[in-house]
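Residue numbers (the working numbering): 2 to 177.
Just so it is clear, CB atoms sit at the ideal spot from N, CA and C, and this is done for glycine as well.
Presented below is the structure to which this report refers.
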């Protein structure tokens with residue numbers, strides 16, 4: 002796995018072994034997501050919830066986002082994320098925090114222009130987090146959900162589903 006574009010282009014990223022703890026986003030899906038938000042990234046504040054390896058937050062900052070908060074509850078994942086952030090040289094623009102996703106959303110005072118959510122596929126976390134996340138999003142914000150679920154709602158608060166794309170077993174939902 003590597004950073005696809007931007008200031009850290011080509012830098013290799015490490016992941017945890019196995020898919021039980023993290024399931025890294027494939028390069029095709031990652032490229033499609035970032036191509037779709039290319040013009041929204043400059044100076045954006047980004048949330049990478051369920052960070053795993055941190056690759057989505059790192060990619061966002063590499064491509065021009067002002068800042069990314071990368072959140073994961075797993076201690077081993079946090080160690081990997083910190084290594085990846087350091088190896089890309091993006092430490093000044095990325096904050097890594099160990100926290101349960103629901104607790105983070107309920108307690109953070111930060112607001113975001115772009116939020117990327119990729120929870121464990123077998124969970125109901127998206128449906129629980131999306132309504133809470135809406136209040137943490139800036140006007141004209143974008144919420145991107147990566148899931149195997151094929152039935153996310155058409156609307157979440159004042160955010161409307163404007164794009165859904167399937168990549169093998171992965172569905173990517175874009176809300177604006």
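Contact under 8 Å by Cβ, residue i with residue j
i	j	result
residue 116	residue 63	no
residue 1	residue 168	Since the first residue of the chain shown is 2 and the last is 177, residue 1 is not available in this structure.
residue 86	residue 66	no
residue 50	residue 118	yes
residue 69	residue 53	no
residue 88	residue 12	yes
residue 137	residue 171	no
residue 150	residue 126	no
Closest Cα partner of residue i within the set the options
i	options	result
residue 218	159, 45 and 3	In the structure as shown, the chain starts at 2 and stops at 177, and residue 218 therefore has no counterpart that could be examined.
residue 28	45, 6 and 38	6
residue 107	125, 135 and 157	135
residue 152	165, 93 and 121	165
residue 140	78, 161 and 84	161
Buried/exposed call for residue i, threshold 16 Cβ in 10 Å
i	result
residue 40	exposed
residue 73	buried
residue 163	exposed
residue 90	exposed
residue 114	buried
residue 147	buried
residue 96	exposed
residue 36	exposed
residue 155	exposed
residue 61	buried
residue 123	exposed
residue 104	exposed
Straight-line Cα distance separating residue j from residue i
i	j	result
residue 17	residue 102	19 Å
residue 55	residue 71	6 Å
residue 31	residue 111	24 Å
residue 99	residue 76	7 Å
residue 174	residue 130	14 Å
residue 15	residue 94	19 Å
residue 80	residue 157	33 Å
residue 45	residue 84	23 Å
residue 33	residue 25	15 Å
residue 78	residue 92	17 Å
Entirely within the stretch 53-115 and at least 3 residues each: give me those beta strand (DSSP E) ranges in chain order. 68-73 and 95-99
What alpha helix (DSSP H) runs, 4 residues minimum, are completely inside the stretch 121-162? Listed in chain order, they are 126-134.
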